[in-house]
Structure formats: structure tokens, C-alpha cells
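Residues 71 to 503 (the numbering used here) make up the sequence shown, in order. Built from N, CA and C at the ideal position, the CB exists for glycine as well. Shown next, in C-alpha cells, is the structure this report addresses.
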Amino acid sequence: MNFQTIYTHTYMQKKVKGFSKLSKEQKIEWLAENYFSDAENGKKILSSYWNSDKKLQDLHDDFIENAISNFYLPYAVAPNFLINNKEYTIPMVIEESSVVAAAALVAKFWSDKGGFKTTVISTTKIGQVHFMYAGEFTKLHSYFKEIKPKLIQATDSITKNMRKRGGGILDIELRDKTAELENYYQLHVTFETKDSMGANFINSCLEAIATVFKNEDINVIMSILSNYVPDCLVRAEVSCAVSDLYPKNAQHYAEKFIHALHIANAEPHRAVTHNKGIMNGIDAVVLATGNDFRAVEAGVHAYAARSGKYKSLSGGKIENDIFSFWLEIPLALGTVGGMTKIHPLAKLSLDILGKPSAAELMQVVACVGLAQNFAALRALTTTGIQSGHMKMHLNNIIKQLQATPKQTNYLLEYFKDKTVSHSDVVAVFEKIK
Ligand code: MEV
Numbered sequence: 071m072n073f074q075t076i077y078t079h080t081y082m083q084k085k086v087k088g089f090s091k092l093s094k095e096q097k098i099e100w101l102a103e104n105y106f107s108d109a110e111n112g113k114k115i116l117s118s119y120w121n122s123d124k125k126l127q128d129l130h131d132d133f134i135e136n137a138i139s140n141f142y143l144p145y146a147v148a149p150n151f152l153i154n155n156k157e158y159t160i161p162m163v164i165e166e167s168s169v170v171a172a173a174a175l176v177a178k179f180w181s182d183k184g185g186f187k188t189t190v191i192s193t194t195k196i197g198q199v200h201f202m203y204a205g206e207f208t209k210l211h212s213y214f215k216e217i218k219p220k221l222i223q224a225t226d227s228i229t230k231n232m233r234k235r236g237g238g239i240l241d242i243e244l245r246d247k248t249a250e251l252e253n254y255y256q257l258h259v260t261f262e263t264k265d266s267m268g269a270n271f272i273n274s275c276l277e278a279i280a281t282v283f284k285n286e287d288i289n290v291i292m293s294i295l296s297n298y299v300p301d302c303l304v305r306a307e308v309s310c311a312v313s314d315l316y317p318k319n320a321q322h323y324a325e326k327f328i329h330a331l332h333i334a335n336a337e338p339h340r341a342v343t344h345n346k347g348i349m350n351g352i353d354a355v356v357l358a359t360g361n362d363f364r365a366v367e368a369g370v371h372a373y374a375a376r377s378g379k380y381k382s383l384s385g386g387k388i389e390n391d392i393f394s395f396w397l398e399i400p401l402a403l404g405t406v407g408g409m410t411k412i413h414p415l416a417k418l419s420l421d422i423l424g425k426p427s428a429a430e431l432m433q434v435v436a437c438v439g440l441a442q443n444f445a446a447l448r449a450l451t452t453t454g455i456q457s458g459h460m461k462m463h464l465n466n467i468i469k470q471l472q473a474t475p476k477q478t479n480y481l482l483e484y485f486k487d488k489t490v491s492h493s494d495v496v497a498v499f500e501k502i503k
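What follows is the structure in C-alpha cells.
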């Protein structure tokens, strides 16, 4: 066979028609035939993650097209978060070993020092109808002014329930974007969506508005919400006397901590990692509560770059011997509708959190982000992060090796003051086995 024949053969074999109509077993069979290096083992792995409760499995299968199995992530809780004088135990979904441990540790640390204080700064969201128009602006402007009440009216049936809950469309503006792109304008619509994240609501409103707005001169390109939500903003803060921050050399380490914050503001390479640490906590709660972590991620990073330079989301200062540390972050979250309603674990998470409103959830999530950032900066500016990570890593390796309790104790003691590497742990384990 020459190269071309091999290529054609592989191509023919792997192209499939009507895949979505196949049963789950048929889909797996096709995968096994075409992709698995060990067909039986691959099939076994997939089926081992099926839920024995058929109703629950069907629910998960229905979330997305072509579902063939479930992908588990650990579901944990971090207790002892004191937020605005209220105790919370916070559910978190994440695979990174140190994140929940750090959150729990930091929550305990701050609960003795007055806990976290939060403020919801704003809760509005944006959707846009993007369109092209080549005529005179004054004409467009008069048309918009005249038709604006009709645009709102067009959404009446969609916004009825939301209005009852105190939300709805707050304003529609005509924005001239021709300086950025020739003939480009938009209807910039501001929404209040109360306890729902509001993506479907916003998009339905925008499509209804666009239908009424378009005419032979207005070429509507698309109607879609924006995941950039700088006016859906929450602030979380902690503070204490500098002397309470560290057992020894508190002033020195507190100053190092503040330097670390300034570095994250000055240097985008560091800012990205700094903010990633914050997102470790944010995403874990966003996921556990069935919210859209991609929307949150996109919005948060755009916010971090709002000045034109990517910067830290958190800040801090030492003033009159008081250390304060804060985080300001845009979060579009929901506690009703979507996944929060249909995923049993998302529902349970909201139960654990005391059935919060979306605004309360914003505050809880921001605190976990701040806690995570505190843990990272405290470790980085004192011992470094590797010692903590390596302890976790050692525990994971010991588990993989299926060491007995006696062997486990020996390995933990042996590596107490040594650098942990997978090969070293295996070598010592082999020796003592
Ligand atoms: C690791 O997941 C997160 C950190 O890198 C965050 C940071 O550097 O601030 C530890």
C-alpha cells in the first residue's frame, strides 16, 4: 500500500454518517473498532462509569448529544467559611489536589478574624443586537427613538414572569460603532435577571427585539448576550492586624504579600497565574452549583484586562498596622433554572449553601476565590508552594501503590524532609515491600 491508499482507507473507515441516531452501545462499538488500542478494555472503562440507577443515567445522557459515559470529578466541601457573619460549608468540584484543602484552611484562619465581608456592587447584564447600516445616522437615530417602545413591547410575553420577580429589560441604547468597523451599529440592551443566570432569557428577548427592529436598511447580523459583565460585580474582603497574620516576622511577610500583589498588577505573565489561582476556587463552586464556568472564565479575564493591560483581580494594602486584602470580580450566576434545577448534585450544592439567591451565591463564590488567592500568595511568599503540593502528591502515589498502613507511615516519615518524586517513592516502596 502506498501512503495515499493508507490515508484513503483510514479516512473511509473513520467517517461516519448518522452517528447521533446510533444507540449508545453501537456508538461505543464504532469507537472501539476505529479508535481504541484495546477494544475490550476501552469498553470496560466506559461502562464502569455508567450509573446503575437507570433514571439518573438517562438524565445525564440527555444533557448532551452522543453521551457514551460519565466523566467524574471529585465533589468536596470546604467548611468554616464565615461570610458576613454567616457560616457556610461550600461545595466544590475540582481535580486539583490542594485546592479544597487550601480553601478549608484559609476559611478557618479568617473565621477567627471576623471572616469575609462582601458587597454586591451591581447585578446588570448586557445583550446586543449587532447590525450593519449604511445610511445617515440621524435617520437611524430617529427610527430608533420612534420604534423603541415597540421593541420593549415585543418582549412583553417573554419578560412577564421576570418583571414579576423585579427583573426585565432596563434599557435599550443605540450605539454607533462605526469608528471600530464601517457601518457597524448595535442595540445595547441592559437586563436585570434576578436569580437566573439569564442566558436564554436575554437571547430570547434580543431575538424578539431584532425581529421588530430590522428593515430593508438594517441588516441584523446577530443577537446574543455578552459574557462580559463588568456591571455584575461583587467584592470580597478580609482584614486583620498585621501581627495576627503570621506567627513570626509578621510585618516582613505581610509586606512580601503586598509586593506579590503589586507584581501581579505590573506583570501580565504573573497576573495570569495569580488569577488562575483565584479561578481554582471560583470555578470549583461555579461547577458544583451547576453554573456556566466558561461564561464566568471569559467574563473574568476580560475584566482583568479592562484597562488595556491584563492585571490582578485582587488587591491589598497595609495601613495603620491593618492588613486588608480584597477581590473584585464580575460573576453572572444563577440559582434557578438551567442545570441548577436538573442536576441533582447542583441542587444539593445549593441546598448545602442554604438555597442562596444569585446575589448571595456571587458573594460566596468571590470569597472562595479570595481564599484561594490568599492561600497561594501566603505559600509563595513564605515556604513556596511545592512542599504542600508534594505532600498531596506523596499521598496520591502511596494510594496508587496500595501501600498498607504500616508501609504508608514509613513512606510519610521517610519523605518528611526529602523531595518527593514518583520514581523515588516507588523505589523506597519496592525496598520495604
Ligand atoms: C496553582 O493551581 C495555582 C497557583 O499557581 C496560583 C498562584 O501562583 O498564585 C499556585
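Separation of residue j from residue i, as counted between CA atoms
i: E157; j: P149; result: 8 Å
i: T75; j: F106; result: Here T75 scores only 34 on pLDDT, less than 50, and its place in the model should not be relied on; the value that follows carries that caveat. Answer to the nearest angstrom: the Cα atoms are 22 Å apart.
i: T80; j: M292; result: Residue confidence for T80 is low, a pLDDT of 48 falling below 50, so the modelled location carries little weight; the figure read from the coordinates is stated next. Approximately 39 Å between the Cα atoms of the pair.
i: K503; j: F151; result: 42 Å
i: E252; j: I294; result: 20 Å
i: T78; j: I134; result: Model confidence at T78 stands at a pLDDT of 43, short of 50, so the residue's coordinates are unreliable; what they give is reported in the following sentence. Taking the straight line from one Cα to the other gives about 31 Å.
i: I412; j: Q321; result: 49 Å
i: V356; j: T410; result: 10 Å
i: K121; j: P144; result: Note on identity: in this sequence residue 121 is Asn, with Lys being the wrong assignment. Looking at the two C-alpha atoms, the distance is approximately 16 Å.
i: K183; j: K218; result: 52 Å
i: D132; j: K346; result: 32 Å
i: W180; j: V308; result: 7 Å
i: K209; j: I399; result: 39 Å
i: L481; j: G458; result: 16 Å
i: K381; j: G197; result: 26 Å
i: A428; j: P414; result: 18 Å
i: M82; j: G88; result: Note that M82 scores 49 on pLDDT, short of 50, meaning its location in the model is unreliable and no value can be drawn from it.
i: F73; j: I333; result: Bear in mind that a pLDDT of 37 at F73, under 50, signals an unreliable position, so the number given afterwards is only what the model happens to contain. Each residue's alpha carbon lies about 53 Å from the other.
i: E206; j: K84; result: 54 Å
i: I222; j: Q127; result: 42 Å
i: C310; j: F393; result: 5 Å
i: M71; j: G112; result: Because M71 carries a pLDDT of 32, less than 50, the predicted location of this residue cannot be relied on, and no value is offered for it.
i: D314; j: G378; result: 37 Å
i: T229; j: T194; result: 15 Å
Heavy atom of the ligand MEV within 7 Å of residue i beta-carbon
i: T343; result: yes
i: G347; result: yes
i: A446; result: yes
i: N319; result: no
i: I412; result: no
i: E367; result: no
i: I455; result: yes
i: E166; result: yes
i: L450; result: yes
i: N335; result: no
i: L466; result: Here residue 466 turns out to be Asn, not Leu, going by the sequence shown. No, Cβ of N466 sits at least 7 Å from all heavy atoms of the ligand MEV.
i: N350; result: yes
Among the options, nearest to residue i - alpha-carbon criterion
i: F283; options: H332, T194, T229, E216; result: E216
i: V190; options: H459, C275, Q433; result: Q433
i: C437; options: P475, I467, K84, F395; result: F395
i: Y373; options: L397, A358, L92, L357; result: L397
i: H200; options: I160, Q256, T263, G185; result: Q256
i: A473; options: V498, E166, M162; result: V498
i: A278; options: A224, K187, K91; result: A224
i: T188; options: M202, S212, I153, K425; result: I153
i: N136; options: W100, K114, N111, L244; result: W100
i: N285; options: R305, F214, A354; result: F214
i: F444; options: A173, C275, G454; result: A173
Host beta strand (DSSP E) of residue i (start-end)
i: K156; result: 156-163
i: H258; result: 254-262
i: V308; result: 303-311
i: A24; result: This structure cannot speak to residue 24, because the chain is shown only from 71 to 503.
i: D246; result: 238-246
i: S192; result: Looking at the DSSP string, S192 is not in any beta strand (DSSP E), and its letter there is neither H nor E.
Counterpart residues of residue i in DSSP-defined beta bridges
i: H322; result: Partner(s): none; H322 has no beta bridge.
i: N390; result: According to DSSP, which records beta bridges pairwise, N390 is partnered with nothing at all.
i: F201; result: Y255, V290
i: V406; result: S266
i: K187; result: E307
i: N140; result: Answer is none; N140 lacks a bridge partner.
Span of the alpha helix (DSSP H), counted from its first residue to its last, around residue i
i: N297; result: Run containing N297: none; DSSP gives neither H nor E here.
i: N505; result: Beyond the ends of the chain as shown, which are 71 and 503, falls residue 505; an answer cannot be given.
i: V490; result: Per DSSP, V490 belongs to no alpha helix (DSSP H) and is neither H nor E.
i: F444; result: 428-450
i: F106; result: Unbroken run through F106: none, as it is neither H nor E.
Cβ of residue i within 8 Å of any chain C Cβ
i: K411; result: The question asks about chain C, but that chain is absent: this structure has only one protein chain.
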